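Encoded as structure tokens, the structure appears first; notes follow it.
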Amino acid sequence: MLRIAISCGEGFSSGFLAKHLEEEVLSQKMQDAVSFIRIPYYDLAKRQNEVDIAMIMPHIEWKLKCTKYDFHIPLYVIPYKAMLRPALQDYIEDAQDILKLAHGCGGRFCFPGEERTAFVNRICSYRAMMAREEKQENAK
């Protein structure tokens, strides 16, 4: 099972997103495959053993840059625009792909070309965006 934490400063916005995604998990009967929980950022370091990856809300990205915590799980900052339409499959795909990029290491990870989260324009998973771009390229 893939265990994903959604994290923000105090846990309010991450709570709404985690609840929405967990409701989608239940409606799609995927509770044996994935789970989403809200963990406020200030608790994340001590609770990181509860999850495989933490997806961080973009408004606290700055906290990752000056963190004093040692993380052994991957941390991924959710792009702003991807939060406009929080589709379950997009979050699952991004989590799976970041875990592959991390190769068992912890700390912050991002997809190639997405080092500056504020400038990421996609509203779907990175995998879906790359597949769409490849399809468009092959159609030329």
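Counted the way this note's numbering counts, the sequence shown spans residues 21 to 160. Using N, Cα and C, we set each Cβ at its ideal position, and we do this for glycine too. Bear in mind that the values here come from a model prediction, so they are computed numbers and not experimental data.
Counterpart residues of residue i in DSSP-defined beta bridges
i    : result
R23  : S55
V97  : I76
G127 : P94
Close-in-space but distant-in-sequence residues of the same chain around residue i (CB under 7 angstroms, 5 per side omitted)
i    : result
H92  : Q68 and G126
R128 : L84 and L95
A53  : M21 and L22
M149 : R142
Separation of residue j from residue i, as counted between CA atoms
i    : j    : result
K83  : Y89  : 10 angstroms
N141 : R152 : 14 angstroms
Y100 : I80  : 11 angstroms
K66  : S47  : 31 angstroms
K160 : L104 : 30 angstroms
Q51  : V45  : 6 angstroms
G124 : K155 : 31 angstroms
Close-in-space but distant-in-sequence residues of the same chain around residue i (CB under 8 angstroms, 5 per side omitted)
i    : result
D117 : F131, S145, Y146 and R147
H40  : P106
E134 : P99, V140 and Y146
E70  : R23, A25, I57 and I59
Under 8 angstroms between C-beta atoms of residue i and residue j
i    : j    : result
G29  : R58  : no
I73  : L37  : no
S33  : P60  : no
A115 : I24  : yes
A102 : D110 : yes
6 angstroms Cβ shell around residue i - same chain, five flanking residues per side excluded
i    : result
V97  : I76, P78, E81 and T137
I112 : V54
beta-carbon residue i near the ligand PLP non-hydrogen atom, thresh 7 angstroms
i    : result
G124 : In the structure on display, the ligand PLP does not appear, and there are no ligands present to speak of.
Local Cβ density within 10 Å of residue i, reported as buried at 16 or more and exposed below that
i   : result
F56 : buried
E43 : exposed
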